[in-house]
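Residue numbers (the numbering used here): 71 to 194. Report on the structure given below.
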Amino acid sequence: RKTRNTRSYKTRLNPYAVPKATTPKGRGRRGLTKRTPVKAPTAVATTVTSDYVFYKGSYIQVGDIVSMKDVEGDTYYAQIKGFLTDQYCEKSAVVTWLLPTQESPPPNEAFDPATYIIGPEEDV
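If you want it as structure tokens, here you go:
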């Protein structure tokens, strides 16, 4: 009497039983780590314009006059024309520089808006 090795214990006793069809099991857990990586979509640079920005605890609006200091400690004044926020939430401002006249007090001491004239525009 011949027996097949592929039959289970219960069907081995019955020589006329049809062997069970094998079903594909798919990939196991080990196959999950062997997947090919999927490419990330390309990032699109986006900027958002706004009329105000919350920065260091205060709201700064378009039209505000701000003072800026350079690396040497000199003070310069500018008027804000607009704000840009990029995809990384970094904030930038478009400013118009205010140029002092002969009647202007020293910039490090005081600011008198009546004595300044409008200068060139610049992105900061």
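Heads up, the beta-carbon is just placed ideally off N, CA and C, and yes, glycines get one too. Since the structure is predicted, the reported quantities are computational estimates derived from the model, not experimental observations.
Q: Pick helix, strand or coil for Pro107, following the three-state DSSP scheme.
A: Sequence index remark: in the sequence shown, residue 107 carries index 37 (1-based). Pro107 falls in the coil class under three-state DSSP.
Q.
I want to know whether the segment 140-148 touches the segment 177-185 - three or more CB-CB distances under 8 Å.
A. yes
**Q.** Straight-line Cα distance separating Glu160 from Ile187
**A.** The residue given as residue 187 occupies position 117 in the sequence shown. The residue given as residue 160 occupies position 90 in the sequence shown. Roughly 30 Å separates the two Cα atoms.
Q | Spatial distance of Ser137 from Gln172 (CA atoms) | A | The sequence position of residue 137 within the sequence shown is 67, counting from 1. The sequence position of residue 172 within the sequence shown is 102, counting from 1. Distance between the alpha carbons of Ser137 and Gln172 is about 19 Å.
Q | Thr155 to Tyr129 span [Cα, whole Å] | A | Counted from its first residue, the sequence shown places residue 155 at position 85. Counted from its first residue, the sequence shown places residue 129 at position 59. Cα-Cα distance, rounded: 15 Å.
Q.
Using only CA atoms, which one of Pro170, Val164, Leu169 and Leu168 lies nearest to Thr119?
A. What you label residue 119 is simply residue 49 of the sequence shown in a count that begins at 1. The shortest C-alpha separation from Thr119 is found at Val164.
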